[in-house]
Amino acid sequence: MRKPFVAGNWKMNKTGEEARLLVAELLPELQSITAVERAVCPPFPYLVSLSNMLAGTGIGLGAQNMHWEASGAFTGEVAPKMVAEFCQYVILGHSERRAYFFETDETVNKKVKAALAVGLTPILCVGETLAENEAGRTAEVVTRQTRLGLEGLTPEQAARVVIAYEPVWAIGTGRAATSEQAQAVHAGVVRPVLRELFGEPVAQAIRIQYGGSVNAKNAAELFSMPDIDGALVGGASLKAPDFIAIVKAAAARG
Ligand code: PGA
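Residue numbers for the sequence shown follow the working numbering, so the first one is -15 and each next one is one higher.
Written out as structure tokens, the structure is:
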């Protein structure tokens, strides 16, 4: 059985004070929900103070990006070891990074390897755009992103990765994929690629989150699907009651 994993992607939101308030609100409720792996991914400047707040709570902390090089002349970048000092997770290859910051399958793959090398759990994001979806290219795009993102990994390394399927047309639009649509991609596209690359046991062990307009209302229906192993939550992770409700829905997954 795969343990459900719900992570909050705060993106570029919250002041430092708001960030600490949100975590303080989440803590009492989320600490006890141990059947679900749960984490928050705030902006870089808040990682230090939030890691102190979260220490020993069982709630994880993640960054939203990092560079693949260990150190050096890369102005404005953050190295894997710097992230690993405070975090357990790192979101990699989010569609906003691919679209606005020109990340490619190749650089995302370098980041996945660098994250694993320092003991971070990479959350590798894949997903097709609206145009690709409408052109019937979903399987092709998701297959390519998954395959190239994980290229060169051993099965042991791959087993430590989390995949987030996030159709770009569903992100921040209020128009989530239906549970059937997401299940079809998770079970019909992503997991078969994992099986082909790493074998059946590893393919079965890897968590595949769904992301894109997940909210307190649609979470339970999404989590009722056998291959939707949690969620990467954007907008709804910025409000404590909503994020708590989504984690509770994952805990109730039958
Ligand atoms: P959303 O974002 O939940 O606001 O759609 C999800 C994401 O981009 O990870």
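Ideal Cβ placement from N, Cα and C applies to all residues, glycine included. If you're wondering where the values come from, they're calculated on a predicted model, not measured in any experiment.
Checklist entry - How many Å lie between residue 174 and residue 41 at the Cα? => result As a working mapping, residue 174 is identified with position 190 in the sequence shown. As a working mapping, residue 41 is identified with position 57 in the sequence shown. Looking at the two C-alpha atoms, the distance is approximately 32 Å.
Checklist entry - Is residue 115 close to chain D, meaning its C-beta is less than 9 Å from at least one C-beta of that chain? => result Structure shown: chain D not included; a single protein chain is present.
Next on the checklist: Report the start-end ranges of each alpha helix (DSSP H) in the segment 35 to 70 that is 4 residues or longer and not cut off at the edges.
Outcome noted: 64 to 68
Checklist entry - Cβ of residue 212 within 9 Å of Cβ of residue 146? => result Within the sequence shown, the letter at position 228 stands for residue 212. Within the sequence shown, the letter at position 162 stands for residue 146. The answer is no: Cβ separation not under 9 Å.
Next on the checklist: Which residue marks the beginning of the beta strand (DSSP E) containing residue 76, and which one marks its end?
Outcome noted: As a working mapping, residue 76 is identified with position 92 in the sequence shown. Note, residue 76: beta strand (DSSP E), 73 to 76.
Checklist entry - Quick one: any contact between the segment 107 to 116 and the segment 129 to 139, if contact means 3 or more CB pairs under 8 Å? => result These segments touch.
Checklist entry - At which residue ranges does the segment 111 to 175 contain complete alpha helix (DSSP H) runs of 4 or more residues, listed in the order of the chain? => result DSSP assignment within the segment 111 to 175 yields the following whole alpha helix (DSSP H) runs of 4 residues or more, N-terminal first: 114 to 118, 122 to 133, 139 to 142, 163 to 169.
Next on the checklist: Checking the sheet assignment: what are the DSSP bridge partners for residue 24?
Outcome noted: Against the sequence shown, residue 24 aligns to sequence position 40. Its beta-bridge partners are -8, 45.
Next on the checklist: On the DSSP bridge list, what partners appear for residue 215?
Outcome noted: Translated into the one-based positions of the sequence shown, residue 215 becomes position 231. In the DSSP output, where bridge partners are listed per residue, residue 215 has -10, 194.
Next on the checklist: Run through the DSSP bridge pairs and tell me what residue 108 is partnered with.
Outcome noted: To locate residue 108, count along the sequence shown from 1; it is residue 124. Answer is 76, 147, bridged to residue 108.
Next on the checklist: Pairs of beta-carbons, one from the segment 148 to 164 and one from the segment 212 to 225, closer than 8 Å: are there three or more?
Outcome noted: yes
Checklist entry - Going straight from the alpha carbon of residue 1 to that of residue 33, what length do you get? => result Locating residue 1 in the sequence shown gives position 17, where the first residue counts as 1. Locating residue 33 in the sequence shown gives position 49, where the first residue counts as 1. A direct Cα-to-Cα measurement between residue 1 and residue 33 gives close to 10 Å.
Next on the checklist: Here's the rule I'm using: 16 or more other beta-carbon atoms within 10 Å means buried, otherwise exposed. How should residue 84 be labelled?
Outcome noted: Start at 1 with the first residue of the sequence shown, and residue 84 comes out as number 100. A residue is called buried once 16 or more other Cβ atoms fall within 10 Å of its Cβ, and residue 84, having fewer, is exposed.
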